[in-house]
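**Student:** Please see the structure below; I have some questions.
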Amino acid sequence: MTYQVLARKWRPRTFAELTGQAHVVTALTNALTRNRLHHAYLLTGTRGVGKTTIARILAKSLNCVTGVTATPCGVCAACTDIDAGRFVDLLELDAASNTGIDNMREILDNARYAPTVGRYKVYLIDEVHMLSKAAFNSMLKTLEEPPEHVKFVLATTDPQKIPVTVLSRCLQFNLKPLPPPAIEGRLAHILGEEGVAHDAPALALIARAAQGSLRDALSLLDQAIAFGAGEVRESVVRPMLGAVEREYVYRIADALVAHDGRALVDIADGLAERGIAFGSALDDLAGLFHRVAVAQVVPDGIESFDDADRVRGYATAFTADAVQLAYQICAQGRADLPLAPDEATGFTMTLLRLLAFEPAAAQGGARPSTGGAPKRDVADLPARSAPPQAPVANVTELRAPAPRELPPRSAEPPPAPQAAGAAAAFGLPNDPSQWPATVAALKLTGMAAQLAAQTEWVSLRGNVLTLTLPVSHKHLADKTYADKLKAALEAATSRKLLLAFEVGDATSGSLAARERKAREEAHAQGEQAFREEPFVRDLVARFDATVKSDTITPLRGDPPAS
Ligand SMILES: [Zn+2]
12 MTYQVLARKW RPRTFAELTG QAHVVTALTN ALTRNRLHHA YLLTGTRGVG
62 KTTIARILAK SLNCVTGVTA TPCGVCAACT DIDAGRFVDL LELDAASNTG
112 IDNMREILDN ARYAPTVGRY KVYLIDEVHM LSKAAFNSML KTLEEPPEHV
162 KFVLATTDPQ KIPVTVLSRC LQFNLKPLPP PAIEGRLAHI LGEEGVAHDA
212 PALALIARAA QGSLRDALSL LDQAIAFGAG EVRESVVRPM LGAVEREYVY
262 RIADALVAHD GRALVDIADG LAERGIAFGS ALDDLAGLFH RVAVAQVVPD
312 GIESFDDADR VRGYATAFTA DAVQLAYQIC AQGRADLPLA PDEATGFTMT
362 LLRLLAFEPA AAQGGARPST GGAPKRDVAD LPARSAPPQA PVANVTELRA
412 PAPRELPPRS AEPPPAPQAA GAAAAFGLPN DPSQWPATVA ALKLTGMAAQ
462 LAAQTEWVSL RGNVLTLTLP VSHKHLADKT YADKLKAALE AATSRKLLLA
512 FEVGDATSGS LAARERKARE EAHAQGEQAF REEPFVRDLV ARFDATVKSD
562 TITPLRGDPP AS
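In my numbering, each residue's number is its place in the sequence shown (first place is 1) plus 11.
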C-alpha cells in the first residue's frame, strides 16, 4: 500500500473536523440550515488555511443525498465521490493554469445545463486572481444571474487583484492564518490517530515553522516522520528545520549571567561550524527572554512552558530591565542580520551587545551602558572582521521599523519633564523649533544619537523628512545610523518615513546646538548649577552612555577608551 501524505489523508471532511476558521464555518452552517445560500462565495487567505477544503465540504453539503445540510453524511455516492475528487458536478478549475477566456467560455457554456447527478453544479475556481481581464468580464453576467443550479466558490490568496465588479457579486470570507497552538493541537490529534510517537517540543517547532498554514505543517510532519524513522522528535525536527538546539540558548543565557564573553564567542563559533541558522537562533533567544519576562510578571503563568524550571532560574538571575533590553537587542539583531557583513558576524555582534548592556542593568543600574565591566571581557576577544562602513546614504530605503518593546518597568527614574513634553510633541509637526525636543525624546543611543543631535529640520513633505547636517558632521550620515534614526522616528510616530540629508551651514536648530547653548548658559551660572541642571544632566548621562556602548568593539583587540 502506498503512503498517503498526511495533508491528503487528513483533509477535513466535515465542518466539525475543520481546524480554525470558526467564523466562516458558522456563517456557512447558518446559511445551509436556513437554506439561504448565496450563489457565489469568495474565500480569501494565505496558502494552506483551508480554502479548497471548505469549498469541497460546501459541495458535499449541497449535494449530499440526505438533502442540503451543514452535516453531509459522508457515505452517500455524492459525498464519497466528492471526497475522492471524481464528482462530475464539482468542477474544479485552477485559474493559475487556465487563465484565458476560452476556458472560461467553456465553463460558462456548460453552466447552462442541469447537473448530471447532483442537486447543484459547484464551480470551484482556485487562484481566481490569475484570470485574465477578458475571462473576468465573461464571468460577470453569469455571476450576476447564475442558473438556479449553479454555485460558484472562488478562492484566492490575493484578493487585491480581483476586479471590484467581481468582488461585489460575491459573498467574501477571509480565512485567517492558524495560530500555532491550533496547529499543534491538530498535529497531536493526527499523530495520536496514526499511532506515531512524538514529543511536544517537536510539534511546537513544526507549528511555528508552518507560519499559519496547516498544509505546510502537515508536509513538515511527513518529512519529520521520514527523517525520524517513524517518530517525531525534537532532536530530529530541530536540525531538519535548521532550528537551534535549545541547549545553546541556555548556554548563551548562562554566559550572560556569568558575564563570560569568551564563552559567548565560543558558542557563536560552534553554531557557525554546525551551519545552524543564526536567524532562528536569535528567534529562540528572543523566545527565551519572552518567557523569562512572563515569569517575572506572572510567576505562576509559566507552568505550560516545557522549560519552566530554567526560566524560573533566569527570572531571578536577570533584572526585569535587563530582560526587556535583551529581548529588544535580539529582535533588533534579527532584523539587522541581512545588513551584517555575514550572518555569523551579525550574530556574534548581537551576543556581544547583550553582554555589553546586560551587566550594568544586572548590577541594579537603570542605565545599561555605563558599567565598566564589558571592557575586561571583550578586550581579549579574537579579532573579527569589522562591520562595513556603508557609504553615506542620502536617502535610506524603506524598511520595516524595528520591533519596539514596552519600556522597562522598574528602576527607571521618571522621565525628566523636558523629555515628557517633547514626547507629547510627537506627530512631527512641521515646525523646526520642535525638532530638538523631538530628537531628545527619541532616546537614541550611540552614533545614531550623535547624528540626530546634529541635524536640523528642513521640511516634511509627504513621508520625506529632510534634515540638514553641518559640513563638520556629515560623516555621521552613515546608513547604519540613519537607519536607526529612521526606525526610532517611525516607531515614535507610527508612520513610514524616508530620511533625506542635506549638508548645510549649522544654525541653532539642532539638539546639539541647543545643548551647547544650555551648557554655555549653565557655565555662566557656575559649574555647580550646571551640574545640577536636570535637563543637561539627562543629556550628559545619555551621551556618556552612548559613546561607551559603541566603543565596546572587540574588533581591534584593544580596550575601548573609558
Ligand atoms: Zn452524503
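We treat Cβ as the ideally placed atom computed from N, Cα and C, and that holds for glycine.
Measuring alpha carbon to alpha carbon, tell me which of A95, L17, T77 and P157 ends up nearest D233.
**Tutor:** Residue L17 is the option with its Cα nearest to D233.
**Student:** Taking DSSP's pairing of strands, which residues face E513 in a bridge?
**Tutor:** T479
**Student:** Enumerate, from N- to C-terminal direction, the unbroken alpha helix (DSSP H) stretches of 4 or more residues contained entirely within the stretch 42-107.
**Tutor:** 62-74 and 88-95
**Student:** For A85, verify whether its CB is less than 7 Å away from any heavy atom of ligand 1.
**Tutor:** First, the amino acid is wrong: residue 85 is Gly here, not Ala. Yes, since a heavy atom of ligand 1 falls inside the 7 Å radius drawn around the Cβ of G85.
**Student:** For a cutoff of 8 Å on Cβ pairs, would you count T153 as touching chain D?
**Tutor:** Of the chains in the structure shown, none is chain D; there is only one protein chain.
**Student:** Taking only the alpha-carbon atoms, compute the straight-line gap between Q461 and V308 and give it to the nearest angstrom.
**Tutor:** Distance between the alpha carbons of Q461 and V308 is about 35 Å.
**Student:** Take the Cβ of A218 as the centre, count every other Cβ of all protein chains shown within 10 Å, and call the residue buried at 16 or more, exposed below.
**Tutor:** Buried, because 16 or more other Cβ atoms sit within 10 Å of the Cβ of A218.
**Student:** Taking a contact to mean a Cβ-Cβ separation below 8 Å, would you say L165 touches A38 in this structure?
**Tutor:** no
**Student:** Please give me, in chain order, every unbroken run of the alpha helix (DSSP H) with length at least 4 that falls completely inside the stretch 317-379.
**Tutor:** List check, alpha helix (DSSP H) in window: 319-328, 331-347 and 354-373.
**Student:** Look at the alpha carbon of S224 and the alpha carbon of V450, and state the distance between them as a whole number of angstroms.
**Tutor:** 42 Å
**Student:** Going by DSSP in three states, T25 sits in which element: helix, strand or coil?
**Tutor:** coil
**Student:** Can the beta-carbon of K497 be found closer than 8 Å to that of L508?
**Tutor:** yes
**Student:** Just to confirm, is the Cβ distance from L189 to A220 under 8 Å?
**Tutor:** no
**Student:** For the beta strand (DSSP E) containing E467, list its first residue and its last residue.
**Tutor:** E467 to R472
**Student:** Should K20 go down as buried or exposed, given a rule of 16 or more other Cβ atoms within 10 Å for buried?
**Tutor:** exposed
**Student:** Relative to the alpha-carbon of Y14, which residue among V276, E205, P83 and L198 has its alpha-carbon at the smallest distance?
**Tutor:** For Y14, the nearest C-alpha among the options comes from E205.
**Student:** Per the DSSP calculation, N185 is bridged to which residue(s)?
**Tutor:** The partner list for N185 (beta bridge, DSSP) reads T55.
**Student:** What does the alpha-carbon distance come out to for the pair K485 and E513?
**Tutor:** 9 Å
**Student:** Examine ligand 1 and report whether any of its heavy atoms sits within less than 7 Å of the Cβ of A237.
**Tutor:** no
**Student:** Following the continuous beta strand (DSSP E) through D137, name the residue where it begins and the one where it ends.
**Tutor:** K132 to D137
**Student:** Counting along the chain, where does the beta strand (DSSP E) carrying L252 start and finish?
**Tutor:** Where L252 is concerned, there is no enclosing beta strand (DSSP E), although the alpha helix (DSSP H) it sits in stretches over E245 to L252.
**Student:** Classify K172: buried if its beta carbon has 16 or more other beta carbons within 10 angstroms, exposed otherwise.
**Tutor:** exposed
**Student:** Alpha carbon to alpha carbon, how far is C75 from C574? Give it in angstroms, no decimals.
**Tutor:** The shown model of the chain, from 12 to 573, leaves out residue 574, and the question about it has no answer.
**Student:** Could you tell me whether the Cβ atoms of E245 and D210 are closer together than 8 Å?
**Tutor:** Taking 8 Å as the cut-off, the Cβ atoms of E245 and D210 count as close.
**Student:** Taking the alpha carbon of V469 as the point to measure from, which residue in V248, A66, L439 and E284 has its own alpha carbon closest?
**Tutor:** L439
**Student:** Inspect the beta-carbon positions of T168 and T82 and report whether they are closer than 8 Å.
**Tutor:** no
**Student:** Tell me whether A288 sits in a helix, a strand or coil according to DSSP, three-state version.
**Tutor:** coil
**Student:** Should K187 be counted as a contact of ligand 1 given a C-beta to heavy atom distance under 7 Å?
**Tutor:** no
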